[in-house]
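Novice: The structure under discussion is supplied below as structure tokens; questions concerning it will follow.
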Amino acid sequence: MSDNVARRGFLVGGLGGAVLLASGCTSNEPAAAPSSAAPAPAQATGGNDQPGTKVVIGFSAPAADHGWIAAIAKNAESAAKQYSDIEFKPVEPTNDINQQISAVESLIAAKVNALVILPNDGQQLNQVALQATEAGIPVINLDRIFPDKLAYRTWIGGDNYGMGVAAGHYIGTELKSKNVSNPVIVEIQGIATLPLTQDRSKGFADALKTYGFKVTAQQDAQFTVETGNEVATSLLQAHKKIDALWNHDDDQGVGVLAAIKEASRDEFIMVGGAGSLNAMKEIQSGTSVLKATVTYSPTMASSAIKLARLIAQGKGMSDLVENQVPQSITLASETITKDNVEKYLALGFES
Numbered sequence: 001m002s003d004n005v006a007r008r009g010f011l012v013g014g015l016g017g018a019v020l021l022a023s024g025c026t027s028n029e030p031a032a033a034p035s036s037a038a039p040a041p042a043q044a045t046g047g048n049d050q051p052g053t054k055v056v057i058g059f060s061a062p063a064a065d066h067g068w069i070a071a072i073a074k075n076a077e078s079a080a081k082q083y084s085d086i087e088f089k090p091v092e093p094t095n096d097i098n099q100q101i102s103a104v105e106s107l108i109a110a111k112v113n114a115l116v117i118l119p120n121d122g123q124q125l126n127q128v129a130l131q132a133t134e135a136g137i138p139v140i141n142l143d144r145i146f147p148d149k150l151a152y153r154t155w156i157g158g159d160n161y162g163m164g165v166a167a168g169h170y171i172g173t174e175l176k177s178k179n180v181s182n183p184v185i186v187e188i189q190g191i192a193t194l195p196l197t198q199d200r201s202k203g204f205a206d207a208l209k210t211y212g213f214k215v216t217a218q219q220d221a222q223f224t225v226e227t228g229n230e231v232a233t234s235l236l237q238a239h240k241k242i243d244a245l246w247n248h249d250d251d252q253g254v255g256v257l258a259a260i261k262e263a264s265r266d267e268f269i270m271v272g273g274a275g276s277l278n279a280m281k282e283i284q285s286g287t288s289v290l291k292a293t294v295t296y297s298p299t300m301a302s303s304a305i306k307l308a309r310l311i312a313q314g315k316g317m318s319d320l321v322e323n324q325v326p327q328s329i330t331l332a333s334e335t336i337t338k339d340n341v342e343k344y345l346a347l348g349f350e351s
């Protein structure tokens, strides 16, 4: 989920014309005003965007109690509204595993033409995704992956390993330029048990290793503002001097930054994760310890809906030679700094 420090992404066509699948952007239209959802991609005038067979697309995701997840839901709905041949059928979002399983089962019973699922936990939702596939309903697995490839037709998500690589290279380069040796590097994860978190941490460790550095302390903060504040407070108390901090998630980063400001600490650099509007404004100010964030854009939900439509209608991606939609699409992770933040502001989501 590739060295992503300066990568611009890649073009994939047929999701509805051509869509720029860069983390932080799924559209080639002009930038719009910042919002919690990315600007809707411009609809092409021909090809796969022409109305086709009417399809019902079911959608299930966790509760929108987190800025990134809220943007996922908004982007999915916005993408569906672009097409007269899509009936969008979302179920009640929930953070309860059993409730999400029941909700997906209701979509299977309704015989939708395709399912877009962002599971609370891929392992625990794997069986119900298999049920959908066995019922002849193609599953588009969004972000958190099902372990069984038979459980989904196509997976689309961010580059979790690449996020860690991007953060590690930014920190490594900055510390090397300052001739820092044996740095104290702190890492604040999201939910430690999730494979996506483990991939982010591995990418971070691997990138740091190329500079001869390693993580000094690592703790998870559950993707919440409150826990982010508590964990950061604890780590700041435990380490009287820090050289760099990577926080995996900009939503929990609100709490992390509050703890840093409360402690009046500014001797280190901080890198965020996901690309929230809040983080971008902190970076833009030039007065914060937050110097960069690595993208993991919720615009992937827009692309997931477009993919579901193509698969349900038996279409491929128009800019590819192959007749079928790929089995896996991994988005790129970019590094946003004060030097390039202006062009990303319109794509930031509200924390």
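Everything in the sequence shown is counted per full-length UniProt numbering, starting at 1 for the first residue and increasing by one. Heads up, the beta-carbon is just placed ideally off N, CA and C, and yes, glycines get one too.
Taking the continuous beta strand (DSSP E) assigned at Ile188, which residues delimit it?
Specialist: Here the beta strand (DSSP E) through Ile188 covers Ile185 to Gln189.
Novice: I'd like to confirm the pairing. Which residues does DSSP put opposite residue 402 in its beta bridges?
Specialist: A query on residue 402 cannot be resolved here, the shown segment of the chain reaching from 1 to 351 and no further.
Novice: Do you know how far the Cα of Ala312 is from the Cα of Gly190?
Specialist: Those two C-alpha atoms are separated by around 34 Å.
Novice: Sort Ala79, Ala135, Leu142 and Ala76 by Cα distance to Leu331 and report the nearest one.
Specialist: The residue with the shortest Cα to Cα distance from Leu331 is Leu142.
Novice: How would you call Leu320, buried or exposed, if buried means at least 16 neighbouring beta carbons within 10 angstroms?
Specialist: The residue is exposed, with fewer than 16 neighbouring Cβ atoms inside 10 Å.
Novice: State the DSSP-derived secondary structure class of Ile242, mapped to helix, strand or coil.
Specialist: Note: Ile242 maps to coil in three-state DSSP.
Novice: Would you please state the rounded distance, in angstroms, between the beta carbons of residue 378 and Ile283? I believe it to be under 8 Å.
Specialist: For the chain, the structure presents residues 1 to 351; residue 378 sits outside this window and is missing.
Novice: Quick test of your reading: Ile97 and Gln127, contact by CB under 8 Å. State the CB separation rounded to the nearest angstrom.
Specialist: Wrong, their Cβ atoms sit about 11 Å apart, outside the cutoff.
Novice: For Asp49, count neighbouring C-beta atoms within 10 Å of its own C-beta (all shown protein chains included) and say buried if the count is 16 or more, exposed if not.
Specialist: By the neighbour-count rule (16 or more Cβ atoms within 10 Å), Asp49 is buried.
Novice: With burial defined as no fewer than 16 other Cβ atoms inside 10 Å of the residue's Cβ, what is the status of Leu257: buried or exposed?
Specialist: Looking at its Cβ environment, which holds 16 or more other Cβ atoms inside 10 Å, Leu257 is buried.
Novice: Along the alpha helix (DSSP H) that carries Asn217, what are the first and last residues, could you check?
Specialist: The question names Asn, yet the displayed sequence has Ala at residue 217. Note, Ala217: premise wrong, no alpha helix (DSSP H); beta strand (DSSP E) at Ala217 to Asp220.
Novice: Below 8 Å on the Cβ atoms is my guess for Thr154 versus Ile137; work out the distance and round it to an integer in Å.
Specialist: About 13 Å separates the two Cβ atoms, so there is no contact after all.
Novice: Alpha carbon to alpha carbon, how far is Val55 from Thr197? Give it in angstroms, no decimals.
Specialist: Going from the Cα of Thr197 to the Cα of Val55 covers about 34 Å.
Novice: What first and last residue would you give for the alpha helix (DSSP H) that runs through Lys281?
Specialist: Segment Leu277 to Ser285, the alpha helix (DSSP H) holding Lys281.
Novice: At the level of alpha carbons, what is the spacing between Ala166 and Lys281?
Specialist: Approximately 20 Å between the Cα atoms of the pair.
Novice: At what residues does the alpha helix (DSSP H) containing Gly164 begin and finish?
Specialist: Per DSSP, Gly164 belongs to the alpha helix (DSSP H) from Asn160 to Ser177.
Novice: Using 10 angstroms around the beta-carbon of Glu342, count the other beta-carbons present and answer buried if the total reaches 16, otherwise exposed.
Specialist: Its Cβ having fewer than 16 others within 10 Å, Glu342 is exposed.
Novice: List the whole-angstrom C-beta distance separating Leu208 from Gly172, where the pair is believed to meet the contact cut-off of C-beta under 8 Å.
Specialist: Indeed, because the Cβ distance is near 6 Å, the residues count as touching under 8 Å.
Novice: Applying the 10 Å Cβ sphere with the 16-neighbour rule, what's the burial state of Gln327?
Specialist: Exposed: under 16 other Cβ atoms inside 10 Å.
Novice: Which residues bound the beta strand (DSSP E) around Met317?
Specialist: Here Met317 belongs to no beta strand (DSSP E), and DSSP marks it neither H nor E.
Novice: So what's Ile69 in DSSP terms, helix, strand or just coil?
Specialist: Three-state result, Ile69: helix.
Novice: Could you pull out every residue in the same chain whose Cβ sits closer than 6 Å to the Cβ of Ser288, ignoring the five residues on either side in sequence?
Specialist: Closer than 6 Å at the Cβ level, and outside the excluded window around Ser288, lie Glu282.
Novice: Which residues bound the alpha helix (DSSP H) around Glu134?
Specialist: Gly122 to Glu134 is the span of the alpha helix (DSSP H), which, as asked, contains Glu134.
Novice: When the distance is taken between beta carbons, is Asn95 closer than 9 Å to Pro51?
Specialist: Cβ distance not < 9 Å, so Pro51 and Asn95 don't count as in contact.
Novice: Measure the C-alpha to C-alpha separation of Lys240 and Gln219 and round it to an integer number of angstroms.
Specialist: Distance between the alpha carbons of Lys240 and Gln219 is about 17 Å.
Novice: Since Arg144 and Asp159 are thought to touch, with beta carbons under 8 Å apart, how far apart are those beta carbons, to the nearest angstrom?
Specialist: 14 Å between Cβ atoms; not a contact.
Novice: Look up Leu290 in the DSSP assignment and say whether it is helix, strand or coil.
Specialist: Here Leu290 sits in strand by DSSP.
Novice: Taking 8 Å as the threshold, find out whether the region 237 to 251 comes into contact with the region 174 to 192 through three or more Cβ pairs.
Specialist: The region 237 to 251 vs the region 174 to 192: in contact.
Novice: Give the straight-line distance between the Cα atoms of Thr193 and Leu307, rounded to the nearest whole angstrom.
Specialist: Approximately 29 Å between the Cα atoms of the pair.
Novice: List the endpoints of the continuous beta strand (DSSP E) containing Ile336.
Specialist: Looking at the DSSP string, the run of the beta strand (DSSP E) that includes Ile336 is Thr335 to Thr337.
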